[in-house]
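So for the sequence shown, the numbering used here puts the first residue at 139; every next one is plus one.
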Amino acid sequence: MLQAIDENKLFIIDYHDVYLPFLERINALDGRKAYATRTIFFLTPLGTLKPVAIELSLPPAGPSSRSKRVVTPAIDATTNWMWQLAKAHVCANDAGVHQLYNHWLRTHACMEPFILAAHRQMSAMHPIFKLLDPHMRYTLEINALARQSLINADGIIENCFTPGRYAMEISSAFYKNYWRFDMDSLPADLIRRGMAEPDPSQPHGLKLVFEDYPYAADGLMIWSAIENWVRTYVNHYYPHSSLIINDKELQAWYYESINVGHADRSHESWWPTLNNSENLVTVLTTLIWLASAQHAALNFGQYPYGGYVPNRPPLMRRLIPDESDPEYASFIADPQKYFLNALPSLLQASKYMAVVDTLSTHSPDEEYLGERQQPSIWSGDAEIVEAFYEFSAEMRRIEKVIDGRNRDKKLRNRCGAGVLPYELLAPSSEPGVTCRGVPNSVST
Numbered sequence: 139m140l141q142a143i144d145e146n147k148l149f150i151i152d153y154h155d156v157y158l159p160f161l162e163r164i165n166a167l168d169g170r171k172a173y174a175t176r177t178i179f180f181l182t183p184l185g186t187l188k189p190v191a192i193e194l195s196l197p198p199a200g201p202s203s204r205s206k207r208v209v210t211p212a213i214d215a216t217t218n219w220m221w222q223l224a225k226a227h228v229c230a231n232d233a234g235v236h237q238l239y240n241h242w243l244r245t246h247a248c249m250e251p252f253i254l255a256a257h258r259q260m261s262a263m264h265p266i267f268k269l270l271d272p273h274m275r276y277t278l279e280i281n282a283l284a285r286q287s288l289i290n291a292d293g294i295i296e297n298c299f300t301p302g303r304y305a306m307e308i309s310s311a312f313y314k315n316y317w318r319f320d321m322d323s324l325p326a327d328l329i330r331r332g333m334a335e336p337d338p339s340q341p342h343g344l345k346l347v348f349e350d351y352p353y354a355a356d357g358l359m360i361w362s363a364i365e366n367w368v369r370t371y372v373n374h375y376y377p378h379s380s381l382i383i384n385d386k387e388l389q390a391w392y393y394e395s396i397n398v399g400h401a402d403r404s405h406e407s408w409w410p411t412l413n414n415s416e417n418l419v420t421v422l423t424t425l426i427w428l429a430s431a432q433h434a435a436l437n438f439g440q441y442p443y444g445g446y447v448p449n450r451p452p453l454m455r456r457l458i459p460d461e462s463d464p465e466y467a468s469f470i471a472d473p474q475k476y477f478l479n480a481l482p483s484l485l486q487a488s489k490y491m492a493v494v495d496t497l498s499t500h501s502p503d504e505e506y507l508g509e510r511q512q513p514s515i516w517s518g519d520a521e522i523v524e525a526f527y528e529f530s531a532e533m534r535r536i537e538k539v540i541d542g543r544n545r546d547k548k549l550r551n552r553c554g555a556g557v558l559p560y561e562l563l564a565p566s567s568e569p570g571v572t573c574r575g576v577p578n579s580v581s582t
């Protein structure tokens, strides 16, 4: 075990601290049963992650209560069904964190203050507004629709996901306890999660802990391309730091984004200071990354990866029975029936499938990263027009690299029998549910 830790071969998906404070209330709801889970994975010599143990925690009900249990891969028929149930509970945990934190909070909600402030504080002719404009398209509208029918009281999220009526409270707790804008850049996020180490010899300055991590490997190419485009743009319009400091519209935009839009977190010391080109490049690159590639990676695979509910249930309705539980006899008698009854109801599953199908759909008028409806907006700046077309060409090159990786048999997390090719960060797409494509903005 210690050797595996020293060699960076053990990984954990930890949902314990996130869910535990809410479990007593969640499990008191009708048709809701959940654990706070931790799952340990071992990195095999093939570069794949193998689950080796799942810890399931409940709030302690008394000094002698059994609040924790550990389930390991099956050794017989009974433990096989225990393992299936444990994995389903992990998936239900994961579905809630995915939707409430990574998807809604980080890409939809936390982008909104920057968009509102941009429209309030910057002229449409301001160079930074021009840069951000395609990455703000439709986001306020889709967020308004989400508040009407997805995250509203008794809406789809409350009906179809484990937290139920406590969904927004959990999302708010995430914002208060975990969200940090400075950690939302891809390099900072990977380092924070222990998935990469600084390496100045690499183009993006990072070395992945293991090579076959499709999201990170593809994402770092896109991050670097966005960063290079933004740096060229910023250095063109702001050759001196004093121009950034004295740009009243730019400073008013950033001030309002933090102190009004993110007032609850405005006191944090980790906000970058907008006083030099490097900090401005980091802020703008992070915003464009969140609106485009980060959102695409989280959103457009929801139906292809999660639409089959028994494989990834968004909630569970039964705990795993102990031998002392009254339900244990019915579990032993018909474990398949017990498993199916633990999954969402047919109505819940149907609602969930319909919604994630809609969310995973590209519209016919989608504008993808590297595309722009009005590149002529910079017609007076030949250097910027050329830089944008270089950025567009880089997106096409990245797509070819991703296609090649998906054919590489050595990369077993994206190539092999029954393995979906990882195309969520392939920049272009046709309309519909394609499990690929990186739109410019959070528009779905």
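Ideal Cβ positions, reconstructed from N, Cα and C, are used throughout, including at glycine.
Three-state secondary structure assigned by DSSP to F179: strand
With a 10 Å radius around its C-beta and 16 neighbouring C-beta atoms as the bar for buried, classify K268 as buried or exposed. So K268 counts as buried.
So what does T499 bridge to, in DSSP terms? V571
In chain order, what residues of the same chain have a beta carbon less than 7 Å from the beta carbon of F529, not counting five sequence neighbours either side? Closer than 7 Å at Cβ, skipping near neighbours: A363, W367, G508.
Would you check if the region 413–424 and the region 368–383 touch, i.e. whether three or more CB-CB distances between them fall below 8 Å? yes
Can you tell which of Y157, D546, H241, H264 has its C-alpha closest to the C-alpha of W391? Comparing Cα positions, the closest option is H264.
Can you tell me whether V208 is buried or exposed? The criterion is at least 16 other CB atoms within 10 Å of its CB, across all chains shown. Exposed is the call here.
On the CB-based measure, 16 or more other CB atoms within 10 Å of its CB, does T300 come out buried or exposed? By the neighbour-count rule (16 or more Cβ atoms within 10 Å), T300 is buried.
Of the residues L223, L428, I178, K147, which one's Cα is nearest the Cα of P448? The candidate whose alpha carbon is nearest that of P448 is L223.
Element boundaries [beta strand (DSSP E), containing S287]: That residue, S287, is in no beta strand (DSSP E); its alpha helix (DSSP H) goes 277–287.
What is the rounded straight-line gap between the Cα of G185 and the Cα of R545? 16 Å
Alpha carbon to alpha carbon, how far is N281 from Q237? 14 Å
Based on DSSP bridge pairs, tell me the residues matched to F312. DSSP lists no partner for F312.
Please state the DSSP three-state secondary structure of I536. helix
Beta-carbon proximity list for A429, same chain, < 8 Å, skipping 5 on both sides: T245, M249, H273, M274, T277, N578, S579, V580
Please name the residue or residues paired with I151 in a DSSP beta bridge. For I151, which the question treats as bridged, DSSP gives the partners T177.
Excluding the 5 residues flanking M533 on each side, which residues of the same chain have their C-beta closer than 7 Å to its C-beta? A363, L507, G508, P565
Please determine, among H500, A531, L563, the residue with the shortest C-alpha to C-alpha distance to V571. If we check each option's Cα against that of V571, H500 comes out closest.
Burial state of D271, where buried means 16 or more other Cβ atoms lie within 10 Å: buried
Y446: buried (16+ other C-beta within 10 angstroms of its C-beta) or exposed? exposed
Going by DSSP, name the residue or residues bridged to I192. DSSP, once it has assigned bridges, lists T177, V209 as partnering I192.
List in chain order: all unbroken alpha helix (DSSP H) runs of 4+ residues lying wholly within the region 317–386. Every alpha helix (DSSP H) of 4 residues or more that sits fully in the region 317–386 is shown, in chain order, as 324–330, 352–375, 379–383.
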